[in-house]
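>
Protein chains: 4
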Amino acid sequence: MPSQTRKQREREAHRREILAAAERVFVRKGYYAATVEEIAAEAEFAVGTLYNFFDGKKALYHAAVSEIIGQLYADARRRALGLDDPEQAVGALIELELEYAERHRGFLRVTLEMAPGGELDPAEGLPDEAQRVIDQYRQDVIEVFRRGVERGVFDALDPFYLALCLEGIVKAFITYWSRHEPDEPLAVRCEKLKQTFIGRIKLRQTGPAAEAEPRVDRGQGGQS
Amino acid sequence: MPSQTRKQREREAHRREILAAAERVFVRKGYYAATVEEIAAEAEFAVGTLYNFFDGKKALYHAAVSEIIGQLYADARRRALGLDDPEQAVGALIELELEYAERHRGFLRVTLEMAPGGELDPAEGLPDEAQRVIDQYRQDVIEVFRRGVERGVFDALDPFYLALCLEGIVKAFITYWSRHEPDEPLAVRCEKLKQTFIGRIKLRQTGPAAEAEPRVDRGQGGQS
Amino acid sequence: MPSQTRKQREREAHRREILAAAERVFVRKGYYAATVEEIAAEAEFAVGTLYNFFDGKKALYHAAVSEIIGQLYADARRRALGLDDPEQAVGALIELELEYAERHRGFLRVTLEMAPGGELDPAEGLPDEAQRVIDQYRQDVIEVFRRGVERGVFDALDPFYLALCLEGIVKAFITYWSRHEPDEPLAVRCEKLKQTFIGRIKLRQTGPAAEAEPRVDRGQGGQS
Amino acid sequence: MPSQTRKQREREAHRREILAAAERVFVRKGYYAATVEEIAAEAEFAVGTLYNFFDGKKALYHAAVSEIIGQLYADARRRALGLDDPEQAVGALIELELEYAERHRGFLRVTLEMAPGGELDPAEGLPDEAQRVIDQYRQDVIEVFRRGVERGVFDALDPFYLALCLEGIVKAFITYWSRHEPDEPLAVRCEKLKQTFIGRIKLRQTGPAAEAEPRVDRGQGGQS
DNA sequence: AATGAATGAGTATTCATTCAT
DNA sequence: TATGAATGAATACTCATTCAT
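Residue numbers (the numbering used here), protein chains in the order written: chain D, 31 to 254; chain V, 31 to 254; chain G, 31 to 254; chain S, 31 to 254.
#1: From D158 of chain V to Y62 of chain D, what distance separates their C-alpha atoms?
#2: From V:P215, V:W207, V:V218 and V:A193, pick the residue whose C-alpha is nearest to that of I231 of chain V; which is it?
#3: Find the nearest neighbour of R219 of chain S within the set S:L233, S:I204 and S:G229, judged by alpha-carbon distance.
#4: Between K88 of chain S and chain G, is any beta-carbon pair separated by less than 8 Å?
#5: Per DSSP, F184 of chain S forms a beta bridge with which residues?
#6: Output, in chain order, the set of chain G residues within a Cβ distance shorter than 8 Å of K201 of chain S.
#7: Taking Cβ positions, are A51 of chain D and E72 of chain D nearer each other than 8 Å?
#8: Give a yes or no on whether 8 Å exceeds the smallest Cβ distance from Y62 of chain V to chain D.
#9: Can you give me the Cβ contacts of E68 of chain D inside the same chain, cut-off strictly under 8 Å, excluding the 5 residues immediately before and after it?
#10: Distance cutoff 8 Å, beta carbons only. Does G148 of chain S sit that close to anything in chain G?
#11: Please go through the same chain and pick out, in chain order, the residues whose beta-carbon is closer than 6 Å to the beta-carbon of E125 of chain G, but skip the five residues on each side of it.
#12: If you count every other CB in all the chains shown that lies within 10 Å of the CB of K37 of chain V, and 16 or more means buried, which is it?
#13: Do we get a CB-CB distance below 8 Å when we pair Y206 of chain V with the residues of chain D?
#14: Could you pull the start and end residues of the alpha helix (DSSP H) that L80 of chain V belongs to?
#15: Would you please state the rounded distance, in angstroms, between the beta carbons of A104 of chain D and L123 of chain D? I believe it to be under 8 Å.
#16: May I ask which residues mark the beginning and end of the alpha helix (DSSP H) holding Y61 of chain V?
#17: Got a sec: is the Cβ-Cβ distance from R181 of chain D to anything in chain V below 8 Å?
#18: Do you know whose CA, among G:D165, G:A217 and G:E47, lies nearest F83 of chain G's CA?
#19: Can you give me the C-alpha to C-alpha distance between L49 of chain S and G198 of chain S, rounded to a whole angstrom?
#20: List the endpoints of the continuous alpha helix (DSSP H) containing A119 of chain S.
#21: Which residue's Cα is closest to the Cα of A119 of chain V: V:L187, V:R176 and V:S96?
#22: Exposed or buried, which one is P212 of chain D when buried takes at least 16 other CB atoms within 10 Å?
#23: At what residues does the alpha helix (DSSP H) containing P212 of chain G begin and finish?
#24: For E42 of chain D, which of helix, strand or coil comes out of DSSP?
#25: With 16 as the cutoff for other CB atoms within 10 Å, does E74 of chain S come out buried or exposed?
#26: Does G100 of chain V come out as helix, strand or coil in the three-state DSSP assignment?
#27: Nearest CA to the CA of E117 of chain S: which residue from S:R181, S:E40 and S:W207?
#28: Spell out whether any CB of chain S is found under 8 Å from the CB atom of A50 of chain G.
#29: What does the alpha-carbon distance come out to for the pair D170 of chain D and Y206 of chain D?
#30: Pick helix, strand or coil for G112 of chain S, following the three-state DSSP scheme.
#31: Measure the alpha-carbon distance for L102 of chain V versus K224 of chain V and round it to whole angstroms.
#32: Kindly say whether R230 of chain S, judged by its beta-carbon, lies nearer than 8 Å to any beta-carbon of chain G.
#33: Going by Cα to Cα distance, which pick from S:D165, S:T226, S:V179 and S:Y167 is closest to Y191 of chain G?
#34: Please report the distance separating the alpha-carbon of A217 of chain G from that of V77 of chain S.
#35: Going along the segment 161-194 of chain G in order, which residues come within less than 7 Å of chain S, judged by CB to CB distance?
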């Protein structure tokens, strides 16, 4: 039944066009400022058509956010999380996230912004699926750190702590740079961030006393 | 004359009540989802009364945000930034911010959320005054780190970098804990965060070879 | 394709219905006292629909005023201004304006009333287009008088002065009659006004034959 | 009882101050755009105080309009209507009205503007008292013309017609000049208007002395 | 009388959603 | 399916009026 299949393919293509348009508009304007009409115009469809594919503005938003986050995660798996060397993996993650933020100016907004009708928590408005992807993403990052600690590449710190720190640091820099135009090219900023972060947590082969503090007072050990 | 003063005091009290109500509602709902009517109800005043004190919803929002941030900064100066010992100062900052986040559940939302009309940048919509306070706050934190590096308490890292990292890390943890109920009491979490962060950046008195790389690959030397 | 055309025609028809309703309401209530809701009800559309056709209350007002004035001017050109004989042209103008005022009871209100935001000048709030039409109308009237003076039909008075006098006189009578129910039929009032005004400005053939004053016994004075 | 009297005098003084402030504001802004608060500020009283003297905004408006019209009428009686010579009286009226319009820029607004809630007629919203004064004023003007015709100073035209024409012409010129800055000083405009209007209606002493037509080259007749 | 803070009904405008074609 | 005109609930803001002090 080729005709049927063509129809299905066409329908799917339209769905993707609408979703892509929604992404662009939400990223441009944020949830509240975006209008269904603008999304429709961006997608070159009539408003009514959007409702044939999605259940409404909120559903469209959820689908768009899921899409973006899904892409990021997929990229991360492909380019970073899959690497065997933890140090390289962390470096690739930083690289990827900075590039992503650079490419999708305003992408942050989608992750940080208050979602519709959200209560108390910035992330609450995210669709469950997106939330799950984010959690999975974080788990994978934690796993990278865990492996790094296990292999003696990183200091014996809590992998979860490390993952959260990485997340926070990268976001802080992205936010800062999105406000104050950075004076260095992306590659340089990226390199610096990688070196410094990794430099902080790499196990120092400081002679024989390769102390085992999972964390803290590492200085004390050196004294002895 | 006392009568005059009483009226003024009452007016000021009403202003504060309204502002407090606005804070609560904005924190609960976010800027867009909050309605002036709800704020008025929360404040137990008529809508019109709000407009006798503030110029509109946006002004109310700005005043509320400025209020919160102003309080935080004032507290920070009193309890942390003024301390002479950089290590103690950083510890006090972490403590203060965590406490603050604990007290104002959802406070983050106000800082992170897209402000009215904001494009692309979460902080763009903040009132100028609040933005100035935030910038000043960050400057003060940078100064603390600068002093720490100068005095040989911290590793020779860029103070600005350190300030931004601290900011990001604290926010990441706050965000995480605001979503996943933490299993440890605040004091413990606070202590851990302080120790680990500070531990990462404290200058290690590693015997004579206390090399001064401002950052990175401190391990390399040992490898060769 | 007829379907496309039908939709367009329907849309245009709806636009006209809304405009007509707005005319009626504005004429009835004046700009400030009219409400968008009332106009919508008069047009038998929902409020929102009005905003699909016009940019707001002011735009609706402007469109309505322009419509009325445009019609008047178009009629004037067709029935009066085009006439070659200045005397006939002036007569036709008077006739037309009186008829117009009779048909659009309250039309004057639209021309005289303070327009939105107007300061100090009744005409200031008129939309530019309407103002241009009014100015053009006046210019055309001036031209009629100029021709009349040139041809020796009218006394050698300033055409601009004559045009303004005509305007004022007609308005004064319309206003008066709109308040005090006139006791004569329109045609009679019209005829009187024409005769008297034209009689005042017609060149007197100063010869002995103390000419056919279109009206009244001016002879009496001479008799005494 | 001097104290009582002082109180009364003070109260009356306050009333007049408020009224004067209302006049200024209504003239400046028109009825709808004026706010009670602005009037109160202009009068240097609290809003509440205004309500001790007047029943509300509409009452204030009515009182203010009545006041203005009353002044105009009083002035007219003193300076124009009382003159025995009809020609001088008409001249003085024109002079007075032009001066009045010049002094109270925006005065016209008060006479022409739609009154609050008025229906169909610009003048309907005027308070009865003001309407009565206007009617009386017009009657007095009619009487001047009647006398002029009776005495053979003016052509034998309907005095009512003449009064209405005068009214309309003066208003038309005032309106025009309020929009297009006049290029002649008030005195000149005033003189021209007087000469032309009166010249149009003065009885011509049809004898040989075809004298001093106030203006323009009617002299043509002399050519013959 | 004077004050001015409090009131709340009233209005223009927006925009997600529906549905007849 | 695609369309886009019609809908009307929702919302920020205004301002005349009241009333306790």
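The beta-carbon is built from N, C-alpha and C at its ideal position, and this holds for glycine as well.
This is what the structure gives:
#1: Whole-angstrom Cα-Cα distance: 22 Å.
#2: Ranking the options by Cα distance to I231 of chain V, first place goes to V:A193.
#3: Of the candidates S:L233, S:I204 and S:G229, the one whose C-alpha sits nearest the C-alpha of R219 of chain S is S:I204.
#4: When Cβ-Cβ separations below 8 Å define contact, K88 of chain S makes no contact with chain G.
#5: The partner list for F184 of chain S (beta bridge, DSSP) reads S:K232.
#6: Per Cβ cutoff of 8 Å: G198, K201 and A202.
#7: For A51 of chain D and E72 of chain D, yes; Cβs fall inside 8 Å.
#8: Closer than 8 Å: yes.
#9: Cβ within range, chain order: V55 and K59.
#10: Bear in mind that a pLDDT of 38 at G148 of chain S, under 50, signals an unreliable position, so the number given afterwards is only what the model happens to contain. Yes, its Cβ sits closer than 8 Å to a Cβ of chain G.
#11: Shown here for E125 of chain G: same chain residues with a beta carbon closer than 6 Å to its own, the five before and five after excluded, namely C220 in chain order.
#12: Exposed.
#13: Taking Cβ atoms only, chain D reaches closer than 8 Å to Y206 of chain V, which makes this a yes.
#14: First-last of the alpha helix (DSSP H) with L80 of chain V: V77 to F83.
#15: That pair is no contact at about 14 Å.
#16: Counting along the chain, Y61 of chain V falls outside any alpha helix (DSSP H), and DSSP gives it neither H nor E.
#17: False, the Cβ-Cβ gap to chain V never drops below 8 Å.
#18: The candidate whose alpha carbon is nearest that of F83 of chain G is G:E47.
#19: Using only the alpha carbons, I get a separation of about 29 Å.
#20: Where A119 of chain S is concerned, the enclosing alpha helix (DSSP H) stretches over P116 to R133.
#21: If you compare the alpha carbons of V:L187, V:R176 and V:S96 with that of A119 of chain V, the shortest gap goes to V:R176.
#22: P212 of chain D sits exposed, since fewer than 16 C-beta atoms from the chains shown fall within 10 Å of its C-beta.
#23: Per DSSP, P212 of chain G belongs to no alpha helix (DSSP H) and is neither H nor E.
#24: Of the three classes helix, strand and coil, the one that applies to E42 of chain D here is helix, per DSSP.
#25: Classification of E74 of chain S: exposed, given that the 10 Å Cβ count is below 16.
#26: DSSP, reduced to helix, strand and coil, places G100 of chain V within a helical segment of the structure shown.
#27: Of the listed residues, the one whose Cα sits closest to E117 of chain S is S:R181.
#28: Residue contact with chain S for A50 of chain G: absent (no Cβ-Cβ distance below 8 Å to any residue of chain S).
#29: The straight-line gap from Cα to Cα measures roughly 26 Å.
#30: Residue state, collapsed to three classes: coil.
#31: Distance between the alpha carbons of L102 of chain V and K224 of chain V is about 19 Å.
#32: Taking CB atoms only, R230 of chain S has a neighbour in chain G less than 8 Å away.
#33: That would be S:T226, whose Cα lies nearest to the Cα of Y191 of chain G.
#34: Going by the C-alpha atoms only, they are around 53 Å apart.
#35: Residues passing the 7 Å Cβ filter: D185, A186, L187, Y191 and L194.
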